[in-house]
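What follows is a short report on a single structure.
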Amino acid sequence: MIRIYHVGKVLHPRHVFRISRASRPQVDNVFLVLEQDGVLGYGEASPNSFFKEDFFDVNMRLAGLHDYFRRQTLSGPGDIGRIWNEIWERVAPSRATQCAVDVALWDLHSKLAGESATESATGAAAHAVPTSATLGICPREEWPERIGEVAGFPAVKVKLDAQVDMDLLQAIRARTPAAIRVDANGAWGGLDIADISARLEALGVEFIEQPLPPGEDARMEAILRVSRLPIFADESCAGPDDVARLPGRFSGFNIKLVKCGGITPALAMLREGKRLGLKVMVGCMLESSLLIAAGAVVAQGADYADLDGSWLLRDDPFRGLKMVQGRIEPNFAPGLGVNPEPPRD
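Residue numbers (numbering that gives the first Met the number 0): 0 to 344.
Structure below.
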């Protein structure tokens, strides 16, 4: 029998600045605990309003799973896929809820098996994962401090709105040799993306992420043909069913566990993307190191990682994840290798 417990927690970014198009003074994430035979598995959801999910919605859907889990036993990885499918009719359309359950199941299963989640999910030992650091939109006077904070990472992911501030990119390039990636968050619908891509290429930018809103994907085939840079889908690719329609429109895509429903579908997206010749990135929302550790499992086979969500937090409620000079170090402890911070006196 599996017992289920869940609790919400407010997480605070280290800085109040625009991670995307809105200021994020705090995020309300939901943490899940599954228990079997005295062993605990931890999961997390970072609900996002773009997908019409919030803390209250996820909490309510998790509460409806108590009776279901009393009838379940986790005997092997096959049970994870079965449970992932069976709970969908109970939690749909919330992929964030499904993500929290799936991550907790992988953590629990691999602990019961006495191996790391990476070994359980991929059959191989973990290796270090280099990650980008996000530089959100902020006032010009804050640039020196913000750029100084991300300069030690191997890559910097820069959020750019419709203003496409090239001065910021030049300031970053003057401070660090790190790779630069640009995320438009769908804000470039009325712009000449071919011209922008040429200017970005001159600054050494690697790729552009989500230049148009998902509703304008039909335009992407023509835009990709004239772009000087690869273009990755983010919101335009939520789950496994979206991957097949990306070739010809996008060069690659960004997997986020909370967007697709956890490690299980993320691995399926990774395999399908590779089969189709697409580049794959594993990204995140504002998340604790618990969900970042889960993302790192999938990132073992990806081309890029944008897993800085816990680094962006002022207070991380989990410990055990090691990030050294922008690299998530391999963790060989059973499960995801992270545990809740002990209560403070």
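The beta-carbon is built from N, C-alpha and C at its ideal position, and this holds for glycine as well.
Item: Between which two residues does the alpha helix (DSSP H) harbouring glycine 122 extend?; Value: Note, glycine 122: premise wrong, no alpha helix (DSSP H); not H, not E.
Item: What residue does the beta strand (DSSP E) around valine 263 start on, and which one ends it?; Value: Valine is not the amino acid found at residue 263; the sequence shown has threonine there. Premise fails: threonine 263 lies in the alpha helix (DSSP H), 262–274, not in any beta strand (DSSP E).
Item: How long is the line joining the alpha carbons of glycine 261 and alanine 298, rounded to whole angstroms?; Value: 13 Å
Item: Since glycine 44 contacts alanine 99 with CB under 8 Å, what's their CB separation in whole angstroms?; Value: Before going on, a small fix: residue 44 reads as alanine here, not glycine. Yes, they are in contact, since the Cβ atoms of alanine 44 and alanine 99 sit about 4 Å apart, within 8 Å.
Item: Return the chain-ordered list of same chain residues with a C-beta closer than 8 Å to the C-beta of glutamate 340, the five sequence neighbours on each side being excluded.; Value: Asp315, Pro316, Phe317, Arg318
Item: Can you name the start and end residues of the alpha helix (DSSP H) that threonine 96 belongs to?; Value: 94–112
Item: Does the distance from the CB of leucine 290 to the CB of leucine 311 come in under 8 Å?; Value: no
Item: Suppose the cutoff is 8 Å on Cβ atoms and the five residues either side in sequence are ignored; what does the same chain contact list for threonine 121 look like?; Value: Leu266, Val296, Gln299, Gly300
Item: Which residues mark the beginning and the end of the beta strand (DSSP E) in which lysine 8 is found?; Value: 2–10
Item: What number of angstroms, rounded off, separates the C-alpha of glutamine 71 from the C-alpha of glycine 308?; Value: 32 Å
Item: Could you give the distance in angstroms between the alpha-carbon of glycine 40 and the alpha-carbon of leucine 335?; Value: 9 Å
Item: Output needed for threonine 175: all residues of its chain with C-beta closer than 6 Å, excluding positions within five of it in sequence on either side, in chain order.; Value: Ala150
Item: Report the rounded CA-to-CA distance for glutamate 200 versus glycine 185, giving the unit in angstroms.; Value: 19 Å
Item: Could you tell me which whole beta strand (DSSP E) segments of length 3 or greater appear in the segment 32–78?; Value: 38–44
Item: Under the assumption that threonine 130 contacts glycine 325 (Cβ atoms under 8 Å), give the Cβ distance between them as a whole number of angstroms.; Value: 6 Å
Item: Expressed to the nearest angstrom, what Euclidean distance is found between the alpha-carbon atoms of glutamate 140 and glutamate 271?; Value: 44 Å
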